[in-house]
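Read the structure below first, then the notes.
Numbering (full-length UniProt numbering), first residue to last: 1 to 249.
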């Protein structure tokens, strides 16, 4: 079950003040009291790293899911390992929508805790298989929003999560990627997502010789993570682990 309180005294004071003005309700069921109530948190399907695909984070892939075993994917080795915290359905889908499109920015800390738990769950369950996943990272890199999305939301949703996650892990954030404006991935099928993500990102900070942890909110086809990992590797990064809050399945 995933349930997280505010992590700092300042956040507790801030949230107490906001609570007086606008009482918190669960983003999934509208029950008053917390951003994600215990009942909704209990319905989240956690991905077991023992049975997840190492390449795309699919929940039932064991070493590699059937899609990643296909010939078309055999030469795609941009990322070293990939992990997602939970399955993108029901409550996680509502959490992502409330955060990105509903403006509930307090969910950044909640999602960061979910990522933190996923890292340590993987290290406890399959330490050799995950090869020091995230623990040896020199920096956390986040998949950036487009300028259009930034203007619409007023913030970069994954940068906010990365800052919270950085505090939990003790790993610095490196704002290393920039994204060209492109159409919303959510409107596209698999082929469209792959084409849309290709050459959509640039590396804007030095990453040569670095081990990086690349984070995003949702993995659908793996196109975004793959494209980001590819440009980071081309820029000289020596290891890239990918971590997401949820995996579409």
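A virtual CB, placed ideally from N, CA and C, is assigned to each residue, including glycine.
- Ranked by Cα distance from residue 54, the options 46, 9, 233, 64 are led by 64.
- In the assembly as shown, residue 142 is a buried residue. Its beta-carbon has 16 or more other beta-carbons within 10 Å.
- Pairing residue 50 with residue 126 gives a Cβ-Cβ distance under 8 Å.
- In the displayed model, residue 22 falls within coil according to three-state DSSP, outside both helix and strand.
- Excluding residues up to 5 positions away in sequence, 24 lie with their Cβ nearer than 7 Å to the Cβ of residue 33 in the same chain.
- Rounded to whole angstroms, the separation of the alpha carbons of residue 44 and residue 38 is 10 Å.
- Boundaries of the alpha helix (DSSP H) around residue 98: 91–100.
- Counting C-beta pairs with one atom in each stretch, the region 224–233 and the region 83–103 have fewer than three that are closer than 8 Å, which means they do not touch.
- For residue 211, the closest alpha carbon among the candidates 148, 78, 16 is that of 78.
- In terms of Cβ geometry, residue 249 and residue 91 do not form a close pair [threshold 8 Å].
- Collapsing the DSSP output to three states places residue 155 in coil.
- Counted as a single uninterrupted DSSP element, the stretch harbouring residue 56 is not any beta strand (DSSP E), since DSSP gives it neither H nor E.
- Within the same chain, and ignoring the five residues on either side of residue 238 in sequence, the residues whose Cβ sits closer than 8 Å to its Cβ are 209, 210, 211.
- Between residue 145 and residue 158, the C-beta gap is smaller than 8 Å, which places the two residues in contact.
- Residue 199 is not a Cβ neighbour of residue 245, given a cutoff of 8 Å.
- As the crow flies, the alpha-carbon of residue 163 is around 7 Å from that of residue 173.
- Its chain contains 203, 207 as the residues whose beta carbon lies nearer than 6 Å to that of residue 235, once the 5 sequence neighbours on both sides are disregarded; these appear in chain order.
- With a threshold of 16 other beta carbon atoms within 10 Å, residue 110 meets it and is buried.
- Per DSSP, residue 40 is one residue of the alpha helix (DSSP H) stretching across 38–41.
- Residue 177 is bridged by DSSP to 203.
- For the options 117, 219, 27, the alpha carbon positioned closest to that of residue 48 is the one of 117.
- Secondary structure at residue 238: coil, using DSSP grouped into helix, strand and coil.
- Residue 105 and residue 113 have their C-alpha atoms some 14 Å from each other.
- Taking 8 Å as the cut-off, the beta carbon of residue 201 is found no closer than this to the beta carbon of residue 223.
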